[in-house]
Amino acid sequence: MPVKIRLQRHGKKGKPFYWVVAADARAKRDGKFLEKLGIYNPNTNPATIELDIDSTVKWLQNGAQPTDTAKAILSYRGVLLKHHLLGGVRKGALTEEQAEEKFNTWVSEKEQAIADKVGGLDKVKADARVAALKAEKEVNDKRAAEAAAALLPEVPEGESAEAEVEAVEAAGEPEQVVEAADATPEAPATEEDKA
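Residue numbering for the sequence shown follows the UniProt record's numbering, starting at 1 and increasing by one per position.
As structure tokens, this is what we get:
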């Protein structure tokens, strides 16, 4: 009985979710399977992949053939590397400890790469959020300026707003001018005023 390691589709329309299964090659895609080996969710970024590595390696050693997509998933999680290292142990090229050490080193590097990717995606999201807030603030400032301009009295044709502002500043406030006149001391009366 030829065994395939393949994907079995689940999830709703437009949101696929897959099980990684070992199944008879003659079985339907979503039909009977021999063992569920893990899950694959392409809807997240990066894609979520959870596998039972030891069970998957056991199936590979017993002759199961992965499909192209399943092979890519197994390679991404290091199953094919572990299968390769265990082949070296069987041939006597490596000890089990060396193979386990190499596999663990590879897994830690892979986890670091995935964490870096997630961190990069978070940074991109944060930058996009900051840019969106900046653009929204500019739009709000523009609206506020337009509203303020609408509340100002209209300037007669031929005059500019700057000329009007300069005229008001030159004239000063009327209340200040009156107060300034009251504050000036009166000059002593001269003889001409008395006559």
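All residues carry an ideal CB built from backbone N, CA and C; glycine is no exception. Note that the structure is predicted; figures quoted are calculated from it, not measured.
Identify the continuous beta strand (DSSP E) that holds residue i and give its terminal residues.
| i | result |
| --- | --- |
| Phe17 | Lys15 to Asp24 |
| Gly38 | Glu35 to Asn41 |
| Lys12 | Val3 to Lys12 |
| Leu51 | Thr48 to Leu51 |
In angstroms with no decimal places, state the Cα-to-Cα distance between residue i and residue j.
| i | j | result |
| --- | --- | --- |
| Pro42 | Lys134 | 32 Å |
| Gly92 | Trp59 | 21 Å |
| Glu35 | Glu136 | 53 Å |
| Arg129 | Thr69 | 35 Å |
| Arg90 | Ala131 | 57 Å |
| Ile114 | Asp24 | 33 Å |
| Glu96 | Thr48 | 29 Å |
Using the beta-carbon count (16 or more within 10 Å), is residue i buried or exposed?
| i | result |
| --- | --- |
| Pro66 | buried |
| Gln112 | exposed |
| Gly14 | exposed |
| Val20 | buried |
| Lys123 | exposed |
| Gln8 | buried |
| Arg26 | exposed |
Would a C-beta distance cut-off of 7 Å place residue i and residue j closer than the cut-off?
| i | j | result |
| --- | --- | --- |
| Thr56 | Leu80 | no |
| Val107 | Gly78 | yes |
| Leu121 | Ala99 | no |
Please name the residue in the options whose C-alpha comes closest to that of residue i.
| i | options | result |
| --- | --- | --- |
| His10 | Ala25, Arg29 and Ile53 | Arg29 |
| Phe17 | Thr44, Ala25 and Ala27 | Thr44 |
| Leu51 | Leu86, Ala144, Lys125 and Leu74 | Leu74 |
Provide the residue span of the alpha helix (DSSP H) that contains residue i, from first to last.
| i | result |
| --- | --- |
| Leu86 | Val79 to Lys91 |
| Lys28 | No alpha helix (DSSP H) holds Lys28; DSSP gives it neither H nor E. |
| Gly63 | Segment: none, Gly63 is in no alpha helix (DSSP H) and carries neither H nor E. |
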